[in-house]
Amino acid sequence: GEDVEQSLFLSVREGDSSVINCTYTDSSSTYLYWYKQEPGAGLQLLTYIFSNMDMKQDQRLTVLLNKKDKHLSLRIADTQTGDSAIYFCAGARDDKIIFGKGTRLHILP
Amino acid sequence: NAGVTQTPKFQVLKTGQSMTLQCAQDMNHEYMSWYRQDPGMGLRLIHYSVGAGITDQGEVPNGYNVSRSTTEDFPLRLLSAAPSQTSVYFCASRTTAGTNTFGSGTRLTVV
């Protein structure tokens, strides 16, 4: 089955770029997703990438997919205090979406 | 456009009590699912449904029942609450492209 791994914490200075990494085990995932969760709230879909793509850019967000290494990353350019949240990587296979444990992004002044 | 609505937002139960967490969506999505979120565990899939009348188990189904009599509603039933079921529960519905919309969550405490 699908297993999705992420580091638990990341600290970044305001204005720098944040890079959140994720590895997954099931290469048959059709889609891979990044979700954002702010304190006390549900998960908000940030972006997703089809498995036949290598990169997707959406304003400050860049998603890179390395299928050979089963590695997914989310880069946030010009990190702001409002980016402080937990970021979840998720993979989809068949009818199930499996989430990583989440990376807590902390913004340093 | 309400999206996914979960009720209640907060609930305290005594061990052994039963209750139903409600979830409704107005986007005509076929696919709905329930997750629980615990500290350090991420989101774990409890049950899911690919359409009215069809349900299936996720990673952690024990102690929970679901039904899907309509496209809009996907209630989660706790049969006999246990302290291990203290968690935050999220309902989600999904487009055919696989993008989930989540409810705002139900924070459940079992004492």
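Protein chains in written order, with our numbering: chain A, 6 to 114; chain B, 57 to 167. We put the CB at the ideal spot given by N, CA and C, even for glycine.
Residue 77 of chain A: member of the beta strand (DSSP E) spanning 76-81, first to last residue. A straight line joining the alpha-carbon of residue 95 of chain A with that of residue 24 of chain A spans about 16 Å. In terms of beta-carbon proximity, residue 161 of chain B lines the interface with chain A, with at least one pair separated by less than 8 Å.
The continuous beta strand (DSSP E) containing residue 107 of chain B extends over residues 98-107. Here residue 109 of chain A is near residue 13 of chain A, since their CB atoms are less than 8 Å apart.
The C-alpha of residue 137 of chain B is placed about 8 Å away from the C-alpha of residue 119 of chain B.
Three or more pairs of CB atoms, one per stretch, sit closer than 8 Å, so the region 145-162 of chain B contacts the region 78-94 of chain B.
With at least 16 other beta carbons inside 10 angstroms of its own, residue 124 of chain B counts as buried. Here residue 139 of chain B has 166 as same chain residues with Cβ atoms under 6 Å from its own Cβ, once five neighbours each way along the sequence are excluded.
Sixteen is the threshold: when 16 or more other Cβ atoms of the shown chains lie within 10 Å of the Cβ of residue 103 of chain B, as they do, the residue is buried. Leaving aside the five residues that flank residue 115 of chain B on each side, the residues in its chain whose CB is nearer than 6 Å to its CB run, in chain order, 100 and 101. Within chain A, not a single residue places a beta-carbon under 8 Å from that of residue 164 of chain B; the smallest gap is close to 15 Å.
Rounded to the nearest angstrom, the gap between the Cα atoms of residue 106 of chain B and residue 90 of chain A is 30 Å. Contact between residue 134 of chain B and residue 97 of chain B does not hold, since their C-beta atoms are separated by about 18 Å, which reaches or exceeds 8 Å. Residue 79 of chain A has its alpha-carbon roughly 10 Å from the corresponding atom of residue 61 of chain A. Looking at the DSSP output, residue 149 of chain B shares a beta bridge with B:88 and B:157. Residue pairing from DSSP places residue 62 of chain B in a beta bridge opposite B:79. For residue 105 of chain A, the residues of chain B that pass the 8 Å Cβ criterion are 98, in the order they occur in the chain.
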